[in-house]
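Novice: Residues in the sequence shown are numbered from 110 upward in steps of one, following my numbering.
All C-beta atoms in this analysis are idealised placements derived from N, C-alpha and C, irrespective of residue type, glycine included.
Predicted, not measured: the structure shown is a model, and the values here were computed from it.
Here it is: the structure, laid out below.
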Amino acid sequence: GLRDVFWRAFHEILDDRVTLIAAGVTFYLLLALFPALAALVSLYGLVADPVTISEHLRELAILLPPGAFDLLADQIKALVEKRESTLGITFFVGLAIALWSTHSGTLAIFDAMNVAYEEREKRSLVRLNLIGLCFTLCAMVFAVVMVALIGVLPVMLSYLWLDQFKENMALFLRWPLLLFVVAVAVTLVYRFGPSRAPARVRWMTWGAGLTTFAWAVMSVGFSFYLDHFANYNATYGTLGALIGFLVWIWLSVVILIVGAELNAELEHQTAKDTTTGPPLPMGARGAYVADTLGETVS
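In structure tokens:
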């Protein structure tokens, strides 16, 4: 039962060296961060004034470590000042370069998913990069929509003449909506990340739900911890904010991989075909955890 699942997941987390894998993914995500911001600013400029993006992102600062938002805001300001304002060739070339540079972080996440699901990369280089680019572009569009929603909603509500209770409820509902979008994004990572026959949605929901909840708690808790107990600036000086941001990314990736490990072991627990399409016998399903049964606790 669930005891077997959690026992195997715990040992897989140790055997797969999840914390070390997450550190490697964090490195690639950091390299991809500033190209991602460039792509985000370019796409955001298509739907709103890019000068306001920092103000809208400030609503999300509660989820980031202290000082991390200022790092991002400074970079965004520099990008906005040199942004190509017209939809010419330069704009699209710059956007394409930013997306290509960003997708290395996406591929690093895909590698981590292969580790969690006990898979080897079987997709061709062209297909893998196309999936990575499409996934990166979709992630950017998701980010633009959510930043616009979180930041623009308070301004929109001020014109609707709602009473205070309704306005507060609408503002509060932004956060459950944000968590829902995060859960959908995590599910898509579990769906497209590993090189295997895709699992049915029901076999990804437990890990996605756990990841979303744990990430939200970790983000708020880590910010509180840095605010009240730890002082990275005293240890690392001017690099304190960057170190805090790196640790936050690392913890986020650890949680993402742990959710994938849980999903994998849930599939490993049943002899039923957990993959999409017509039911197939074990050994012919195209996914290691669907083609084999996990060990039981002795």
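1. Let me know if G154 comes out buried or exposed under the rule of 16 or more other beta-carbons within 10 Å of its beta-carbon.
2. Helix, strand or coil for A306? Go by DSSP, reduced to three states.
3. Taking the straight line between their C-alpha atoms, what separation do you get for L375 and A343?
4. Considering only C-alpha positions, which residue in the set F219, F115, L138, V150 is nearest to A257?
5. Go to S143, then tell me how far its alpha helix (DSSP H) extends in each direction, as first and last residue.
6. If you follow the alpha helix (DSSP H) that W357 is part of, which residue opens it and which one closes it?
7. In chain order, what residues of the same chain lie with their CB nearer than 6 Å to the CB of V254, ignoring the 5 residues before and after it?
8. Confirm, please, whether the CB-CB distance from V367 to V127 is below 8 Å.
9. DSSP on T245, reduced to helix/strand/coil?
10. Quick one: Cα of A141 to Cα of D272, how far?
11. With C-beta atoms as the reference, is Y137 less than 8 Å away from A217?
12. Taking the CB atoms as reference points, tell me whether L208 and L246 lie closer together than 8 Å.
13. Whole angstroms are fine: how far does the CA of K381 sit from the CA of E404?
14. Hey, quick one: how far does the alpha helix (DSSP H) through A170 stretch, first residue to last?
Specialist: With the structure as the only source:
1. buried
2. coil
3. 44 Å
4. V150
5. According to the sequence displayed, residue 143 carries Phe and not Ser. Residues 127-153.
6. 349-377
7. none
8. yes
9. helix
10. 43 Å
11. yes
12. yes
13. 16 Å
14. Looking at the DSSP string, A170 is not in any alpha helix (DSSP H), and its letter there is neither H nor E.
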